[in-house]
Each structure stands twice: as C-alpha cells, then as structure tokens.
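Numbering (this note's numbering), first residue to last: 963 to 1096. Everything on this sheet refers to the single structure shown next.
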Amino acid sequence: MKLQPREEPFQLSLGRRGEMIAWGYLVRAGFKILEKNYRCKIGEIDAVAQKNRRLFFIEVKTRNSPERGRPEEAVGLVKQKKLIHLAEWFRKEKKLEKMPVSFAVLAILWNQGEPQVRFIDNAFGVSDESGGLF
C-alpha cells in the first residue's frame, strides 16, 4: 500500500495551539511542568506545574475573539469545583498533600497575529478550617 500525502494542511485545534503557547509561557516564566493534560477517572487538568515550592493547577483557556467574553470567564464555578477535586486527586496520587497550591488560569486571546497571554494566579481557591488551601 502506497501512502499519499494529505492534500489539506495539517491543523491543530485552537485549544491545542493555546496549550502549546501556554506550556512555552510557563517554562519561560520559570515553572517546572510536572504534567501536561493530567487525566484520571474524574477528569483532566491542562497543566500541573511547580514554582517556588508551590504546586500550580492551571486551566488553559483560548479564544480567537473577545465577542463571547474573555477566556478566563469560561472558568465558572462548576469548572472551579471540578478542578479543586482533580487537584485533591492528583495530590493524593503523587503524595504531595503537604505542598501548598495555587489555582491559575492561563488566558490566551488569539485575535489576530500574536496571541495575548495573561497568567491569572490565585484565580480561585478553597480554604480549610485553618485558613490555608486544602
């Protein structure tokens, strides 16, 4: 069987392109990426990274237009709760329960030309009885 080259160009989805931009941004900003697209039976986290002895759970949102709102506005309360549960799962699985955490959104607006990237640290969180996260 002889393989033929594809006639249409290979294209990545907007979300996939956004994740690639996000990972490059994180590395340049000094983060150590521990997991990309971490999956478990309850869902997926776009990126888990570490910086300054803190664990970051990062949701990447990419839009090609601000018409339907800014990318970070897509991380509503339901998504936040899911990410908190995923972070708990990850920390238990990797035995990192004692490590402090931050929840961040990496918002990418790819309107025209170069993408605009915004890192929103402490985008949301949950407190325990002692006032700390988890």
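Ideal Cβ positions, reconstructed from N, Cα and C, are used throughout, including at glycine.
- Counting of Cβ neighbours within 10 angstroms places Pro-1033 among the buried residues, the total reaching 16 or more.
- Between Ala-1011 and Lys-1023, the C-beta gap is not smaller than 8 Å, which leaves the two residues out of contact.
- Comparing alpha carbon positions, the residue from Ile-1004, Asn-1014, Ser-975, Gly-980 closest to Gly-992 is Asn-1014.
- Here the alpha carbons of Leu-1045 and Gly-977 stand approximately 18 Å from one another.
- Under the three-state reduction of DSSP output, Val-1067 falls in the strand class.
- Beta bridge pairing from DSSP links Gln-1012 with Lys-994, Leu-1017.
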